[in-house]
Amino acid sequence: MNVYIEPLGAAILFVGIVVGCIVYKHTRASSAPTSRGDIVGAIGSAVAVVTALVLLLGGGNKTTTESENPAPESSTSAPK
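In structure tokens form, the structure reads like this:
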């Protein structure tokens with residue numbers, strides 16, 4: 725099954741990943757040299773950026789067409 729991601733959604737996801745990487749590297753450099761970066765802070769900031777961009781740019785307002793809607797179920801009832 726192929727999942728199509730619109731260019732706006734892909735760009736928003738890419739920006740979120742870049743921000744997460746920047747936060748991770750920044751926390752890694754500011755702490756002790758032998759410690760790892762703050763992965764929870766990086767994921768949290770990436771999620772916050774993606775959420776803000778989706779809300780601002782309207783990344784989730786795709787309307788469905790007639791061909792994408794499932795066929796209506798036909799109800800057949802036995803005559804009484």
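725 is the number of the first residue of the sequence shown in our numbering; add one for each residue after it. Positions of the beta carbon are idealized from the N, C-alpha and C atoms, including for glycine. All values reported here derive from a predicted model rather than from experimental measurement.
For the candidate residues the options, whose alpha-carbon lies nearest to that of residue i?
i: G765; options: G744, L777 and M725; result: G744
i: V778; options: T800, M725, I746 and F738; result: F738
i: I741; options: A734, R760, A770 and S754; result: A770
i: V773; options: P731, T751, V747 and I729; result: V747
From residue i to residue j, what distance separates their C-alpha atoms?
i: G733; j: L781; result: 10 Å
i: M725; j: S754; result: 43 Å
i: P808; j: R760; result: Lying before the first or after the last residue shown, residue 808 is absent from the chain, which here runs from 725 to 804.
My understanding is that residue i touches residue j, with C-beta atoms under 8 Å, so please give their C-beta distance in whole angstroms.
i: T775; j: D762; result: With a Cβ gap of about 19 Å, T775 and D762 do not count as contacting.
Need the endpoints of the alpha helix (DSSP H) that residue i sits in, please.
i: G740; result: P731 to S754
i: G761; result: That residue, G761, is in no alpha helix (DSSP H); it is neither H nor E in DSSP.
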